[in-house]
Amino acid sequence: MTLIGARIPKLDGPGKATGETRYLSDLEVPGMLHGVIRRSDRVHARIVSVDVSKALEVSGVHAVLTARDIVNVPFGHGKDNTPLKGDRVRCIRDEIAAVAAETESAAAEACRAIRVEYEDLPPVFTVEDALKPGAPEIHAGRAGNLPFTYDYAHGDVAQGEADSAHVVEGEFVLQFMTHCCMGTSAILAAFDSEGRLTLTSLTQVPFLYRRDMAAIVGMSPEDIRVIQPPIGGAFGSKLDIYPFEPIAVHLARATRRPVRIVFSRHEEFVSSPTRQPMRVRLRSGCDGKGRLTFRDAQLWLDNGGYTSWGATTPFVMMQTFSSLYRVPHARFHTKVAYTNNPYSGSFRGYGNLQATFAVESQLDLLAEKVGVDPLELRLMNSQETGEKTGQGLEFVSCGLRDCLESAAEMSGWRAKRASPALKGNVRRGVGMASMLHVGGGAKIYRSDGCGSVVSIDDFGKVTLVTGSTDIGQGSETVLAQMVAEVLGVAMDRVKVINSDTDVKPWDVGVHASRTSYVAGNSALLAANEAKAKLLTAAADLYELPKGELSLSGGFIMRGAEKVDALDKLVRTLHFTGKGELLVTHSYFEPASVKQDAGFFGNVSPTYAFGTHAVEVEVELDTGQVRVLAVSAAHDVGKVLNAMSLEGQIEGGVVMGLGYSLTEELKIREGKVLNPSFRDYHLLTAPEVPPIHFKAIETEDPSGPFGAKGVGEAPAICVAAAVANAVHHATGVRFTELPLTPERVLNGLIAAGVVRDPLA
Amino acid sequence: MQPEVEIRFTLNGRPVRTHVPPTMAVLEMVRERFALTGSKLACGEGECGACAVLLDGEPVLGCLTPAVDVDGRVLVTVEGLRHKADLAPLQKAFLMEGAVQCGFCTPGMLVAATALLAEHPHPSREQVRRGLEGNLCRCTGYVAIVEAVEDAGKR
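Just so you know, the protein sequences line up as chains A and B, in that order. Per the numbering used here, the first sequence runs over residues 187 to 945. Per the numbering used here, the second sequence runs over residues 4 to 158.
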């Protein structure tokens, strides 16, 4: 192997490093109008009237739409959202009207001129209040504000309790976090003369998007083409359809002009999905030696005003409660309740940052009770290759033990753990946490597959048409590497086409850390078939034994001898005799299953594991937590592209550090208090600690070249490791994030570690 | 409406002139008057650095700087960083170190780093980290970006 594992620069890099890449906000098409949305400034109210007359008078306005002007089809996982709201608003983001105009400023001016009269309704801001008898009903007919519950169990928790020498119990509170993609949400909708719709969209799931959008805007999916331009970040935020997208379609239909909507940064903070906030009550037990006996989790999720994918994060979280380390008995109960807060979507890790924070915090508490080192307790309960968990997850490869030991070694764990600096104003400590996540997709639809087409033209140039989507993470490059490796050609001989549903075969989309694994296996199938065709043709043509032929350096080789050039052989096939094209196709379906009603089943064909050890410094008199180093070991199966792998790890770790230390979308009474980069603190370059990374190669038997997915993994176990390190440094256990100086100082004062300067 | 003002300046090495309203920002001007869309609008309030451009060699925020301020001066956008047909060493370093993921922050990062390298041709890691403080990135965790700038400083 020559290309697998190498540091191959991204194929889309040069365009991005010269400013030539055109993102959706850089695209203008002839006749294009600008769409702007008028949103609610109330969190729960009846809409008494909407007067658009002044908006229509603004120069340059082509259309002003309200719910009265469109067929408002309910959509989303809960079928509780609509593009425009007609009679009622339920959260601060709600879309009441939309304007298409010649310029963005004219559209914005018209939006401001729309008069909305409201009659406030009693609001609900907490899950506790939402679930009280007699609470205001946020959606008519959704009794008790309880759209979803999730229950899972294996074993017998009562038995687990009886087997326990130690039990710990506690509550964990997780905040709203927002994606902060550097490119804001956007869409361009354009109808052609025959009524077909082209959507230039940032979606991560183009085929599901086409199907769902068709239902919302009253079209047939085959009449919708989705073009995916380069995306300024996604991280899960573009996994669902949000109201602005069908609104753009309605505006384009009403004006017979292409309409583009691009969010302002303020709008992005207020109106795009968030990470799911929640409260987790967890009990964990172990025997006298530290072997886990049970986990019993109850969760309350704030669904906000409408349902997006955040409501389904329990599906992923329960895997961590049931299957991160060996747990003989587990129970999981979740209530998802409507409130008048913003609603959450999917976000890298999909609930697993939250679940892992609770589970891994309690592992340290158990280790303390037993009196063993937290590393020893984790090693004692670590799983191995070949195990099947209580939930039915099958670990065909599992590098968790290696991850634990490697992270410990990189961090200098044993020495630092033995002698924490517990004197003076600045305390140091180390903490660790591990994670388990799907590593090859999740079968939540009938198929979790991906299609590929490989063709070789008569100049020997290889084209891979893949169903998969690149959201900046570099899947295009990794897929090209795999195809180039199989066909024995250089990277610059492979082109990847992945951005047009009129051209590319079906795929679920970018989620569940699936692209390298699923799209990779799919590309390999098609590439291997192309290779077989080439070798068979060469064997026939030159009357050589096929088994002795191979592809290398753009040639068909027999040992070290060049039999024919690849391009020449393809031309021979094309233009002589049978006139055969060198085109192959494949559809790869991973060996995973849809889980049953009790959530049992092997939902992914392979799983990713990782451990982070984090060293922190806590300044007692200010509560400031500084992360000094992160040591991350991840079971990646096999390194495909060392550089892009490191990029995923480093980016994920820093995103996890933001979740741990600074990031919170502050919501008070349903309103966003910090909708700007000034007030929502993303980490900056000087704040990032050294990140040490070791890839654990378990060579998964089902993975492409042995690889498994790692896109989400590095963000997942940061927060628990940070909180465990802060506990090691100060003796104080923090169960709410982020660990801001204010929160930490208050915690230190409450625990009596420092004196209240105001007392 | 206030009358438009004529301005003349050097843009990416070429003398240009245009008319702008006094309220127009440099970012809007380069994107709309000169179709240079490399500089990005990512926040519009001077907090993220994606719109950074070089004005007489100094990095300024395109979203906050009035277009009229460039009259008579030398403006360089990300499109002006390459050396004719070839990429600048810094751009090459960004590619070779994996400093580009989604790429939306990349133009501003390159501009900030170009200014940094002009001031400190061989910067220390800490100088690079400080020099990029005003530029946000959500994909990379900054590690590869810092390495790329350091690497360019060693060439």
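Where a beta carbon is used, it is the ideal one built from N, C-alpha and C, also for glycine.
>> Report the start-end ranges of each alpha helix (DSSP H) in the region 849-921 of chain A that is 4 residues or longer and not cut off at the edges.
In response: Considered as a whole, the region 849-921 of chain A harbours 899-902 and 904-916 as its complete alpha helix (DSSP H) runs of no fewer than 4 residues, in chain order.
>> List, in chain order, every chain B residue whose beta-carbon is nearer than 7 Å to that of residue 363 (chain A).
In response: Residue numbering aside, residue 363 (chain A) sits at position 177 when the first sequence is read from its first letter. Under the 7 Å cutoff, chain B gives no residues; its nearest Cβ is about 12 Å from residue 363 (chain A).
> Hey, would you say the C-beta of residue 658 (chain A) is under 7 Å away from at least one heavy atom of the ligand ZN?
Replying inline: The model on display carries no ligand, and the ligand ZN is accordingly not part of it.
> How many angstroms separate the CA atom of residue 239 (chain A) from the CA atom of residue 300 (chain A)?
Replying inline: Here residue 239 (chain A) refers to the residue found at position 53 when the first sequence is read from its first residue. Here residue 300 (chain A) refers to the residue found at position 114 when the first sequence is read from its first residue. For residue 239 (chain A) and residue 300 (chain A), the distance between alpha carbons rounds to 7 Å.
> So residue 560 (chain A) is in the alpha helix (DSSP H); what residue range does that whole segment cover?
Replying inline: Your numbering for residue 560 (chain A) matches position 374 in the first sequence. Its alpha helix (DSSP H) spans residues 560-567.
> When burial is assigned at 16 or more other CB atoms within 10 Å of the CB, is residue 944 (chain A) buried or exposed?
Replying inline: The sequence position of residue 944 (chain A) within the first sequence is 758, counting from 1. Exposed: under 16 other Cβ atoms inside 10 Å.
>> Closer than 7 Å between beta carbons: that is the criterion. Which residues of the region 46-65 of chain B meet it against chain A?
In response: Result list: 46, 47, 48, 50, 51 and 53.
> Which of helix, strand or coil does DSSP assign to residue 68 (chain B)?
Replying inline: Here residue 68 (chain B) corresponds to residue number 65 of the second sequence, with the count starting at 1. Residue state, collapsed to three classes: coil.
> Where do the N-terminal and C-terminal ends of the alpha helix (DSSP H) with residue 589 (chain A) fall, by residue?
Replying inline: For the purposes of this step, residue 589 (chain A) is taken as the residue at position 403 of the first sequence. Start and end: 586-597.
> residue 208 (chain A) touches chain B at which residues, Cβ-Cβ below 7 Å?
Replying inline: Indexing the first sequence from 1 puts residue 208 (chain A) at position 22. Ordered by position in chain B, the residues that pass the 7 Å Cβ test against residue 208 (chain A) are 40.
> To the nearest angstrom, how far is it from the Cα of residue 447 (chain A) to the Cα of residue 415 (chain A)?
Replying inline: Indexing the first sequence from 1 puts residue 447 (chain A) at position 261. Indexing the first sequence from 1 puts residue 415 (chain A) at position 229. Cα to Cα, residue 447 (chain A) sits roughly 15 Å from residue 415 (chain A).
> To which residues does DSSP link residue 304 (chain A) through a beta bridge?
Replying inline: Against the first sequence, residue 304 (chain A) aligns to sequence position 118. By DSSP's assignment, residue 304 (chain A) forms a beta bridge with A:233.
> What is the C-beta distance between residue 905 (chain A) and residue 617 (chain A), in whole angstroms, given that I count them as a contact (C-beta under 8 Å)?
Replying inline: On the first sequence, position 719 is the one that residue 905 (chain A) refers to. On the first sequence, position 431 is the one that residue 617 (chain A) refers to. Not quite, the Cβ-Cβ distance comes to about 10 Å (not below 8 Å), so this is no contact.
> Any Cβ of chain B within less than 8 Å of the Cβ of residue 212 (chain A)?
Replying inline: For the purposes of this step, residue 212 (chain A) is taken as the residue at position 26 of the first sequence. Nearest CB-CB separation between residue 212 (chain A) and chain B: below the 8 Å threshold.
> How many angstroms separate the CA atom of residue 235 (chain A) from the CA atom of residue 282 (chain A)?
Replying inline: Taking the first sequence and counting its residues from 1, one reaches residue 235 (chain A) at position 49. Taking the first sequence and counting its residues from 1, one reaches residue 282 (chain A) at position 96. Their Cα atoms are separated by approximately 11 Å.
> Cβ atoms of residue 436 (chain A) and residue 324 (chain A): under 8 Å apart, would you say?
Replying inline: Position 138 of the first sequence, counted from the start, is the residue given in the question as residue 324 (chain A). Position 250 of the first sequence, counted from the start, is the residue given in the question as residue 436 (chain A). No, the Cβ-Cβ distance between residue 324 (chain A) and residue 436 (chain A) is not below 8 Å.
>> With the cut-off set at 8 Å, would you say residue 615 (chain A) and residue 915 (chain A) are in Cβ contact?
In response: For this step, residue 615 (chain A) is matched to residue 429 along the first sequence. For this step, residue 915 (chain A) is matched to residue 729 along the first sequence. Closer than 8 Å, so yes.
> Where does the unbroken alpha helix (DSSP H) through residue 129 (chain B) begin, and where does it stop?
Replying inline: One-based indexing of the second sequence puts residue 129 (chain B) at position 126. Counting along the chain, the unbroken alpha helix (DSSP H) around residue 129 (chain B) starts and ends at 128-134.
>> With DSSP as the reference, identify every bridge partner of residue 61 (chain B), one or two as the case may be.
In response: Residue 61 (chain B) sits at position 58 when you count from the first residue of the second sequence. BP columns for residue 61 (chain B) point to B:58.
>> Using DSSP's beta-bridge definition, name the partner residues of residue 355 (chain A).
In response: As a working mapping, residue 355 (chain A) is identified with position 169 in the first sequence. In the DSSP assignment, the residues bridged to residue 355 (chain A) are A:469.
> Can you list, in chain order, the stretches of the beta strand (DSSP E) that have 3 or more residues and sit fully within the region 15-46 of chain B?
Replying inline: Runs of the beta strand (DSSP E) inside the region 15-46 of chain B: 17-23.
>> Less than 8 Å between the C-beta atoms of residue 543 (chain A) and residue 360 (chain A), yes or no?
In response: Your numbering for residue 543 (chain A) matches position 357 in the first sequence. Your numbering for residue 360 (chain A) matches position 174 in the first sequence. Yes, the pair counts as a contact, with Cβ atoms nearer than the cut-off.
> Going along the region 859-875 of chain A in order, which residues come within less than 9 Å of chain B, judged by CB to CB distance?
Replying inline: Going along the region 859-875 of chain A in chain order, one finds 862, 863, 864, 868, 869, 870, 871, 872, 873 and 874 with a Cβ nearer than 9 Å to chain B.
> How long is the line joining the alpha carbons of residue 890 (chain A) and residue 705 (chain A), rounded to whole angstroms?
Replying inline: Here the question's residue 890 (chain A) lines up with position 704 in the first sequence. Here the question's residue 705 (chain A) lines up with position 519 in the first sequence. The straight-line gap from Cα to Cα measures roughly 9 Å.
> Which chain B residues sit within Cβ distance under 8 Å of residue 204 (chain A)?
Replying inline: Working through the first sequence from its first residue, we reach residue 204 (chain A) at position 18. Near residue 204 (chain A) (Cβ distances below 8 Å), the residues of chain B are 41, 81, 82, 84, 85, 90 and 94.
> Who are the Cβ neighbours of residue 836 (chain A) in its own chain at under 6 Å, not counting the five residues just before and after it?
Replying inline: Residue numbering aside, residue 836 (chain A) sits at position 650 when the first sequence is read from its first letter. Around residue 836 (chain A): 877.
> Using CA coordinates, which residue listed in A:563, A:580 and A:626 is at the minimum distance from residue 571 (chain A)?
Replying inline: As a working mapping, residue 571 (chain A) is identified with position 385 in the first sequence. If we check each option's Cα against that of residue 571 (chain A), A:580 comes out closest.
> Between residue 368 (chain A) and chain B, is there a C-beta pair that is closer than 8 Å?
Replying inline: On the first sequence, position 182 is the one that residue 368 (chain A) refers to. By this cut-off, residue 368 (chain A) is an interface position.
> Leaving out the 5 sequence neighbours to the left and right, which residues in its chain are closer than 7 Å to residue 659 (chain A) when beta-carbon positions are compared?
Replying inline: Translated into the one-based positions of the first sequence, residue 659 (chain A) becomes position 473. Closer than 7 Å at Cβ, skipping near neighbours: 834 and 897.
> Since residue 723 (chain A) contacts residue 730 (chain A) with CB under 8 Å, what's their CB separation in whole angstroms?
Replying inline: Residue mapping note: residue 723 (chain A) aligns to position 537 of the first sequence, counting from 1. Residue mapping note: residue 730 (chain A) aligns to position 544 of the first sequence, counting from 1. With a Cβ gap of about 11 Å, residue 723 (chain A) and residue 730 (chain A) do not count as contacting.
> So, is the C-beta of residue 681 (chain A) closer than 8 Å to a C-beta in chain D?
Replying inline: Absence of chain D from the displayed structure is noted, the protein chains being A and B.
> Is it buried or exposed for residue 523 (chain A), if we count other Cβ within 10 angstroms and need 16 for buried?
Replying inline: Within the first sequence, residue 523 (chain A) is the residue found at index 337, counting from 1. By the 10 Å Cβ count, residue 523 (chain A) comes out buried.
> Relative to the alpha-carbon of residue 265 (chain A), which residue among A:778, A:493, A:673 and A:699 has its alpha-carbon at the smallest distance?
Replying inline: Taking the first residue of the first sequence as 1, we reach residue 265 (chain A) at position 79. Closest by C-alpha distance to residue 265 (chain A), out of A:778, A:493, A:673 and A:699, is A:493.
>> Using a Cβ distance threshold of 8 Å, determine whether the region 635-648 of chain A contacts the region 785-799 of chain A, with at least three qualifying pairs required.
In response: With the cut-off at 8 Å, the region 635-648 of chain A and the region 785-799 of chain A do not touch.
> Quick one, which residues of the region 124-155 of chain B are near chain A if we go by CB-CB under 9 Å, in chain order?
Replying inline: Result list: 129, 131, 132, 133, 134, 135, 136, 137, 138, 139, 140, 141, 142, 143, 144, 145, 146, 147, 148 and 149.
>> Taking the beta strand (DSSP E) that residue 337 (chain A) belongs to, which residues open and close that run?
In response: For the purposes of this step, residue 337 (chain A) is taken as the residue at position 151 of the first sequence. DSSP places residue 337 (chain A) in the uninterrupted beta strand (DSSP E) bounded by 334-340.
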